[in-house]
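Numbering (the numbering used here), first residue to last: 160 to 223.
This report refers to the structure that appears directly beneath it.
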């Protein structure tokens, strides 16, 4: 498990986000489904999979 932001990979999954910020996986998926304008985590969809770029995740963390 990553203990600080620098250890995170460049492409982040919901599972990594859940463990990093200490919230349940279901809540992470809710945030990924929430529009960015409403406080959701910005993500990219590849098929059914959702990924988050490390740079976008950092911006989101700074805004919440």
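All residues carry an ideal CB built from backbone N, CA and C; glycine is no exception.
Residue i, buried or exposed, once every other Cβ within 10 Å from all chains shown has been counted against 16
i           : result
residue 190 : buried
residue 161 : exposed
residue 175 : buried
Residue nearest to residue i in terms of C-alpha spacing, selected from the options
i           : options               : result
residue 184 : 209, 217 and 218      : 209
residue 213 : 167, 197 and 163      : 167
residue 100 : 179, 200 and 199      : The structure shown does not extend to residue 100, since the chain spans only 160 to 223, so no value can be given for it.
residue 172 : 207, 222 and 223      : 207
residue 223 : 174, 195, 170 and 175 : 195
Check whether residue i and residue j have beta carbons under 8 Å apart
i           : j           : result
residue 197 : residue 187 : no
residue 205 : residue 216 : no
Length of the line joining the Cα atoms of residue i and residue j
i           : j           : result
residue 221 : residue 181 : 16 Å
What ranges does the alpha helix (DSSP H) occupy inside the region 167-208, keeping only unbroken runs of at least 4 residues that lie completely in it? 173-180 and 184-192
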